[in-house]
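Chemist: Below you will find the structure I want to go over with you.
Below you can see the structure in the form of structure tokens.
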């Protein structure tokens, strides 16, 4: 099967600065992929190269297995801070975007209206974009990116600049779009990534350091621990003394590295049972995506 | 083709909504009306306000209507050109700097059509302004001086218009190439400073765009070297085509400089 | 006063009208927009007192998009 998008050895070098360094990955049709990394990791440059704005220093981009010179018609792109001609109305802008992206002139106005309704700008479509708030601009940005029904949506930090309400609204739109098209979006907010992602790409200083599904990456970096909270410190101390496994004890809490030989929740619970130690809570903890993020792209 | 139409409509809307479609013609027409009036009444004005010593009687040169066309043209050659440069220096560079160009450049549009949409609309506004200005002057010249034949006026306007198109093309090509400030500086050098240089040391060459205004004035009777005139027209037309191609190429090459 | 009567007002009137149009367009734009490079009160004065040049200078340097 050919991939929707195949990126090979993509590099962008400005002077001696490698903003993107031999990035390779594939995107399958119908999936959502999150490009994750701290500021300055090369997320925007990578997306700009895919959008055709920035010419790569090196590497190739194959769309449906072919290296077409211009794939801009098959792509919808939303920059982090979309800028619009302030004198145009939302409808005029979206219609223009549709025609320039190849929508039939007779269809463009209808498509533009439909798309603006979809992103919730139905009432504001006759207003000039110069009067729009940040949240409205983001939604208009989404509208211009999808009005021509692109096969691949590239979104640069689509919700980072929004307040919690606006963020929820845009996230809901994206989840709906996820059903219809392939999405590659960058973010540094991991909750978003957790919410709609089939594949994660971790960028650090222009290098793709990790690439996989949420599950595989979780498993790799999970570092599971069993955490027990006792009624009192004395009980915690007694448990630590008789435990056959290495434990860490902090006041009433005891944590056990679950990757040790013979450790499992049944064993721990049965030990607690036979010793009849009163507890408040037993839980299996896995690393949050945030901890993984710190480990993969920040540390070292 | 439909992209060019769409881009032209965008330019049209822009120039209406930022008032350039109105204020630029008004400015050129005001100059066109003022020129014949001030020239006609200047002797009287000087007489009434100037503290001329008793008995001093200046001999004012006897101006013909044709001379007023030429003196209006020299106004346009300085103030007019400056207005054109300042009004349109950011046509392309400004869209890159503000980032409004980004959402155009990520679409499958041709940079040739993008540049052409600017070139056509700016030329339309500027040529209309220049022509309206001269027409207004023509009307006043007929009242205050003498009537000037249509044949001479249109020959004059035709030749001068080619210089105007050249000036617009220079500004737009530089705007595609450089930042707004750079485009303004270099345009002023090429369109205003070169004019002065050509006026001072230009006797050594005859075929240049900077002499087109002089050749245009020769429509009113003063003789000009016909061969040099037509070669200047050919050279200017060729330079316009080259600058358009250069502008298209630069708009594309600088696309990555748009603010993301 | 006889000088005033000599002035051909019918010839000068169009200039005054055009200048007024230019000024009104600039003023309407400033007041409706209220977004200028520099304080917008300053631009109102420039347009009102600067004549043709004032309005041109406003359109070229004072006007700000967005």
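Residue numbers (our numbering), protein chains in the order written: chain A, 77 to 376; chain B, -5 to 254; chain C, 543 to 608.
No residue lacks a Cβ here, since even glycine has one placed at the ideal position from N, Cα and C.
1) Roughly how many angstroms lie between the CA atoms of residue 59 of chain B and residue 143 of chain B, to the nearest whole one?
2) Relative to the alpha-carbon of residue 342 of chain A, which residue among A/138, A/198 and A/358 has its alpha-carbon at the smallest distance?
3) From which residue to which residue does the beta strand (DSSP E) around residue 197 of chain A run?
4) Compute the Euclidean distance between the alpha carbons of residue 561 of chain C and residue 225 of chain B, then round it to the nearest angstrom.
5) With distance defined between alpha-carbon atoms, name the residue in A/226, A/260, A/91 and A/256 nearest to residue 234 of chain A.
6) Which residues in chain C sit within 9 Å of residue 77 of chain B, going by Cβ to Cβ distance?
7) So within the stretch 304 to 328 of chain A, which uninterrupted alpha helix (DSSP H) runs reach at least 4 residues, ignoring any that extend past its ends?
8) Apart from the five residues on each side of it in sequence, which residues of its chain come closer than 7 Å, Cβ to Cβ, to residue 71 of chain A?
9) The stretch 7 to 22 of chain B: which residues have C-beta closer than 9 Å to a C-beta of chain C, in chain order?
10) For residue 255 of chain B, count neighbouring C-beta atoms within 10 Å of its own C-beta (all shown protein chains included) and say buried if the count is 16 or more, exposed if not.
11) Determine the chain A residues that contact residue 249 of chain B at a beta-carbon separation under 7 Å, and present them in chain order.
12) Under a three-way DSSP split, which group does residue 248 of chain B fall into?
13) Please classify residue 205 of chain A as buried or exposed, where buried requires at least 16 neighbouring CB atoms within 10 angstroms.
14) Mind checking the stretch 551 to 580 of chain C against chain B and listing, in chain order, the residues whose C-beta falls within less than 9 Å of any C-beta there?
15) Using the beta-carbon count (16 or more within 10 Å), is residue 128 of chain A buried or exposed?
16) Entirely within the stretch 202 to 264 of chain A and at least 4 residues each: give me those alpha helix (DSSP H) ranges in chain order.
17) Who are the neighbours of residue 605 of chain C on chain B, taking C-beta pairs under 9 Å?
18) Output needed for residue 39 of chain B: all residues of its chain with C-beta closer than 7 Å, excluding positions within five of it in sequence on either side, in chain order.
19) Looking at residue 150 of chain B: is its Cβ nearer than 8 Å to the Cβ of residue 116 of chain B?
20) Check distances from the C-beta atoms of the stretch 101 to 130 of chain B to those of chain A and list, in chain order, the residues that come in under 8 Å.
21) For the alpha helix (DSSP H) containing residue 103 of chain A, list its first residue and its last residue.
22) Report the neighbours of residue 27 of chain B on chain A: residues whose CB is nearer than 7 Å to its CB, in chain order.
23) Using the C-alpha atoms, what's the distance from residue 22 of chain B back to residue 74 of chain B?
24) So residue 85 of chain A is in the beta strand (DSSP E); what residue range does that whole segment cover?
25) So what does DSSP say about residue 160 of chain B, is it helix, strand or coil?
26) Excluding the 5 residues preceding and the 5 following residue 344 of chain A in the sequence, name in chain order all residues of the same chain whose CB lies nearer than 8 Å to its CB.
27) Using beta-carbon positions only, say whether residue 178 of chain B and residue 80 of chain B come within less than 8 Å of one another.
28) Would you list the one or two residues that DSSP bridges to residue 283 of chain A?
29) Any chance you could list the alpha helix (DSSP H) runs of at least 4 consecutive residues sitting entirely within the stretch 123 to 204 of chain B, in chain order?
30) Could you say which of B/170, B/197 and B/207 lies nearest to residue 154 of chain B if we only look at CA atoms?
31) Assuming the contact rule is C-beta atoms closer than 8 Å, residue 103 of chain A and residue 132 of chain A should be a hit. Round their C-beta distance to whole Å, please.
32) Please list the residues of the stretch 310 to 324 of chain A that have a C-beta atom closer than 9 Å to any C-beta atom in chain B, keeping them in chain order.
33) What are the boundary residues of the alpha helix (DSSP H) that residue 346 of chain A is part of?
34) Let me make sure I understand the geometry here. Which of A/134, A/185, A/152 and A/78 has the alpha-carbon closest to that of residue 0 of chain B?
35) Could you check whether the Cβ of residue 168 of chain A sits closer than 8 Å to any Cβ belonging to chain B?
36) I'd like the list of long-range same chain contacts for residue 113 of chain A, defined as Cβ closer than 8 Å, with 5 residues on each side in sequence excluded.
Modeler: With the structure as the only source:
1) 10 Å
2) A/358
3) First-last for residue 197 of chain A: undefined, no H or E at that position.
4) 40 Å
5) Closest option to residue 234 of chain A, Cα to Cα, is A/260.
6) 598 and 602
7) Correct list: 309 to 318.
8) Outside the displayed range of chain A (77 to 376) lies residue 71 of chain A, so it cannot be described from this structure.
9) 12, 13, 14, 16, 17, 18, 20 and 21
10) Since the displayed chain B opens at -5 and closes at 254, residue 255 of chain B lies outside it and no answer follows.
11) 129
12) In this structure, DSSP gives residue 248 of chain B a state outside helix and strand, which the three-state scheme calls coil.
13) buried
14) Listed in sequence order: 553, 554, 556, 557, 560, 561, 563, 564, 567, 568 and 571.
15) So residue 128 of chain A counts as buried.
16) Every alpha helix (DSSP H) stretch that sits fully inside the stretch 202 to 264 of chain A and reaches 4 residues is listed by chain position as 210 to 222 and 240 to 254.
17) Residues of chain B with a Cβ closer than 9 Å to the Cβ of residue 605 of chain C are, in chain order, 12 and 13.
18) Once the five neighbours on either side are set aside, residue 39 of chain B has no close Cβ partner at all.
19) Not in contact: residue 150 of chain B and residue 116 of chain B (Cβ atoms no closer than 8 Å).
20) Answer set for the stretch 101 to 130 of chain B: 101, 102 and 103.
21) Not the alpha helix (DSSP H): residue 103 of chain A falls in the beta strand (DSSP E), residues 93 to 103.
22) The contacting residues do not exist; residue 27 of chain B stays about 30 Å from chain A at best.
23) 7 Å
24) 81 to 90
25) Reduced to three states, the DSSP call for residue 160 of chain B is helix.
26) 302, 304, 332 and 358
27) yes
28) A/280
29) 144 to 171, 174 to 182 and 188 to 195
30) Closest by C-alpha distance to residue 154 of chain B, out of B/170, B/197 and B/207, is B/207.
31) Their Cβ separation, rounded to whole angstroms, is 17 Å, which puts residue 103 of chain A and residue 132 of chain A out of contact at 8 Å.
32) none
33) 341 to 350
34) A/185
35) So, interface residue.
36) 119, 262, 264, 278, 279, 280 and 373
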